[in-house]
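Here's the structure, in structure tokens; my notes come after.
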Amino acid sequence: MKYHTLLGYHRKNQFGLIVLAVPVLFVLAGLSNSSAQEDQSITLTTNKGTYLPGDTVQVSGMVTGQPGALVAIQVKDSDGNLILIRTLQADQDGNFAVQFKIPPTATSGKFSIIASSKIGGFVVTQTKVIEASVPEFGEVAAQVLVLSTIFIILVFARLGKLRKLT
Numbered sequence: 284m285k286y287h288t289l290l291g292y293h294r295k296n297q298f299g300l301i302v303l304a305v306p307v308l309f310v311l312a313g314l315s316n317s318s319a320q321e322d323q324s325i326t327l328t329t330n331k332g333t334y335l336p337g338d339t340v341q342v343s344g345m346v347t348g349q350p351g352a353l354v355a356i357q358v359k360d361s362d363g364n365l366i367l368i369r370t371l372q373a374d375q376d377g378n379f380a381v382q383f384k385i386p387p388t389a390t391s392g393k394f395s396i397i398a399s400s401k402i403g404g405f406v407v408t409q410t411k412v413i414e415a416s417v418p419e420f421g422e423v424a425a426q427v428l429v430l431s432t433i434f435i436i437l438v439f440a441r442l443g444k445l446r447k448l449t
């Protein structure tokens with residue numbers, strides 16, 4: 284029976300030690316990277332969740348793990364058309380802000396705000412989705428239209444009777 288030490292001084296088992304050591308190193312590297320990634324993030328907030336065409340969207344965010352980081356911002360409409368592309372620099376606390384207008388010709392749908400930054404050797408991306416809503420004539424608007432049409436017909440009918448009397 285042969286006994287082998289973990290240090291692998293025995294010439295025949297040096298390869299076995301390397302085979303054992305390499306996976307251990309990868310596991311340890313993965314653990315340190317995952318904890319580093321947890322400290323590196325981007326948060327995005329907007330001043331509201333639903334917007335009308337022509338509204339101004341105020342976006343604010345924070346980059347953790349890299350003060351003064353460059354942040355790439357992209358805004359896409361529901362069809363994937365690029366509405367805005369901008370590069371910002373976060374301040375020393377990691378804060379950044381940008382604003383843009385929902386195009387006046389926008390249709391109802393979702394707009395994606397995408398922020399990306401290289402933090403500690405990793406590209407970190409965060410997406411925030413907002414809703415653009417084009418108002419449509421609802422039931423109340425239809426009732427107002429019908430009532431105003433009836434009122435106009437009655438006014439003209441009354442004016443017609445007054446002309447016949449004079």
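The opening residue of the sequence shown carries number 284 in the numbering used here; numbering runs sequentially from there.
Backbone N, C-alpha and C fix where the C-beta goes; we use that ideal spot for every residue, glycine too.
Computed from a predicted structure; not experimentally measured.
Item, Value
"Same chain, Cβ closer than 6 Å to residue 367, five either side skipped, listed in chain order", "358 and 383"
"Contacts around residue 361, its chain only, beta-carbon distance under 6 Å, and the 5 residues preceding and following it disregarded", "392 and 393"
"Burial state of residue 315, where buried means 16 or more other Cβ atoms lie within 10 Å", "Because the pLDDT of residue 315 is 42, which lies under 50, any placement of that residue in the model is unreliable, and the question is left without a value."
"Secondary structure of residue 335, DSSP reduced to three states", "coil"
"Assigned exposure category for residue 377 - 16 Cβ within 10 Å defines buried", "buried"
"Which of helix, strand or coil DSSP assigns to residue 426", "helix"
"Supposed contact pair residue 398 and residue 344 - C-beta distance, whole angstroms, cut 8 Å", "6 Å"
"Cα-Cα separation between residue 373 and residue 411, rounded to whole angstroms", "18 Å"
"Span of the beta strand (DSSP E) around residue 414", "405-415"
"DSSP three-state assignment for residue 329, whether helix, strand or coil", "strand"
"Proximity winner among 440, 348, 418 and 379, relative to residue 403 (alpha-carbon distances)", "348"
"7 Å Cβ shell around residue 306 - same chain, five flanking residues per side excluded", "Residue placement at residue 306 cannot be trusted, given a pLDDT of 44 that sits under 50; the coordinates are not used to answer."
"Cβ-based burial, residue 439 [other Cβ within 10 Å; buried from 16]", "exposed"
"For residue 396, the first and last residue of its enclosing beta strand (DSSP E)", "392-402"
"Close beta carbons around residue 330, own chain, < 6 Å, minus the five adjacent residues each side", "341"
"DSSP-derived helix/strand/coil call for residue 431", "helix"
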